[in-house]
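Asker: I'd like to ask some things about the structure below.
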Amino acid sequence: MYKVALFDLDGTLINTEHKNREAWARLFRRHRVPYDDSVLRSFTGRPAKEAMADHVASFAGYGIDELCAEAAAYAALPDMPAAVTVDGAMELLHRLQQMRVPLGVVTSGPRDYAESALMTLGVLQLLDVLITADDVSRGKPDPEGYSTACSALNVEPSEAVVFEDAPAGILAAKRAGIFCVGLTTTHEAEALTEADVVIKDLTDVCWPYIVPPSDSNHDVT
8 MYKVALFDLD
18 GTLINTEHKN
28 REAWARLFRR
38 HRVPYDDSVL
48 RSFTGRPAKE
58 AMADHVASFA
68 GYGIDELCAE
78 AAAYAALPDM
88 PAAVTVDGAM
98 ELLHRLQQMR
108 VPLGVVTSGP
118 RDYAESALMT
128 LGVLQLLDVL
138 ITADDVSRGK
148 PDPEGYSTAC
158 SALNVEPSEA
168 VVFEDAPAGI
178 LAAKRAGIFC
188 VGLTTTHEAE
198 ALTEADVVIK
208 DLTDVCWPYI
218 VPPSDSNHDV
228 T
């Protein structure tokens, strides 16, 4: 039934969410702008500039580009939490590549960051398509990124499966008409109810990933 597999990057293949949230938290603290966990979660799965646009009015005298650059500088500091691969991610990518399943990554991050991260993981060469924030005019939860990936791979949305960890990414996949598997790597299952099925990570994922309708929105691990 399914011909291609599409993956988000942060939180799906590599878990950088703890580092990203700390970077945004430092930005808010540095400028003495109040924030809570819901504010930090609002950045998850979205292009940084689009997410920052929701809060820039609280940073008097600063622009979106300037604030995003400052947060990126915090993320690069050596004392930040280390990024780790999501359990089962590398094994699944290599297994699908050996099965000749076309692979794609659709991320809200910029291309230079995505290529660097994927190269560090040693999987950039496995991908048939990489769609980044630089390739779309509207970021997640808009479906443009996933629709563009399907077009690039010459498949209908109904022939693809998306693996996502964030509500914004899940909405993007569903709005594109794609079956979506939600991962509880960065959010609780209750936040991922728009996904067709929810699992804890990418360990022991079978392909093709076909879940009976009666199992939708259930944890299958």
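In my numbering, the protein residues as written are 8 to 228. Ideal Cβ placement from N, Cα and C applies to all residues, glycine included.
From this set, Tyr81, Ala55, Arg36 and Ala83, which residue's C-alpha is nearest Gly70's C-alpha?
Answerer: Ala55
Asker: Between the region 36 to 48 and the region 125 to 132, do three or more beta carbon pairs fall short of 8 Å?
Answerer: By the Cβ test, the region 36 to 48 is not in contact with the region 125 to 132, since fewer than three Cβ pairs between them sit closer than 8 Å.
Asker: Helix, strand or coil: how does DSSP classify Thr19 here?
Answerer: coil
Asker: Taking all protein chains shown into account, decide if Ser221 is buried (16 or more other Cβ within 10 angstroms of its Cβ) or exposed.
Answerer: Bear in mind that a pLDDT of 40 at Ser221, under 50, signals an unreliable position, so the number given afterwards is only what the model happens to contain. Ser221 comes out exposed.
Asker: State yes or no: is the C-beta of Leu209 within less than 7 Å of the C-beta of Val136?
Answerer: Going by C-beta atoms, Leu209 is not nearer than 7 Å to Val136.
Asker: Taking 8 Å as the limit between beta carbons, can you name the residues of its chain near Cys75, skipping five residues before and five after?
Answerer: Ala55, Lys56 and Met59
Asker: Alpha carbon to alpha carbon, how far is Ile206 from His225? Give it in angstroms, no decimals.
Answerer: Its pLDDT being 45, under 50, His225 is placed unreliably in this model, and the value from its coordinates should be taken loosely. His225 and Ile206: Cα-Cα distance of roughly 8 Å.
Asker: Pro164 and Ala179 - do their beta-carbons sit closer together than 7 Å?
Answerer: no
Asker: Can you list the alpha helix (DSSP H) stretches of 4 or more residues lying completely in the region 23 to 93, in chain order?
Answerer: As for any alpha helix (DSSP H) of minimum length 4 sitting wholly inside the region 23 to 93, the runs are 24 to 37, 44 to 48, 55 to 60 and 71 to 82, ordered along the chain.
Asker: What whole-angstrom Cβ distance do Pro109 and Leu160 have, given they're in contact under 8 Å?
Answerer: 5 Å
Asker: For the beta strand (DSSP E) containing Ile177, list its first residue and its last residue.
Answerer: Here Ile177 belongs to no beta strand (DSSP E); instead the alpha helix (DSSP H) covers Pro174 to Arg182.
Asker: Please check the pair Leu114 and Asp211, which I expect to be a contact at CB under 8 Å, by giving their CB distance rounded to whole angstroms.
Answerer: The residue you asked about is not Leu; residue 114 is Thr in the sequence shown. No, Thr114 and Asp211 are not in contact; Cβ-Cβ is about 24 Å, not under 8 Å.
Asker: So for Leu103, helix, strand or coil by DSSP?
Answerer: helix
Asker: Along the alpha helix (DSSP H) that carries Cys157, what are the first and last residues, could you check?
Answerer: Membership of Cys157 in the alpha helix (DSSP H) is indicated by the continuous run Glu151 to Ala159.
Asker: Considering only C-alpha positions, which residue in the set Pro215, Cys213, Trp214 and Val169 is nearest to Ala296?
Answerer: The chain is shown from 8 up to 228; residue 296 falls before or after that span and cannot be answered.
Asker: Please return the same chain residues whose Cβ sits closer than 8 Å to the Cβ of Gly111, not counting the five positions on each side in sequence.
Answerer: Val11, Ala12, Leu13, Phe14, Leu134, Asp135, Val136, Leu137, Ile138, Ala156, Ala159 and Leu160
Asker: Do Gly146 and Arg28 come within 7 Å of each other at the CB atom, strictly closer than that value?
Answerer: Cβ atoms of Arg28 and Gly146: not closer than 7 Å.
Asker: Determine the DSSP secondary structure at Glu122, reduced to helix, strand or coil.
Answerer: helix
Asker: I need the DSSP call for Glu163, collapsed to helix, strand or coil.
Answerer: coil
Asker: Does DSSP put Ala202 in a helix, a strand or coil?
Answerer: In the structure shown, Ala202 sits in coil (DSSP, three-state: anything other than H, G, I, E or B).
Asker: I'd like to know whether the C-beta atoms of Thr200 and Asp172 end up nearer to each other than 7 Å.
Answerer: no
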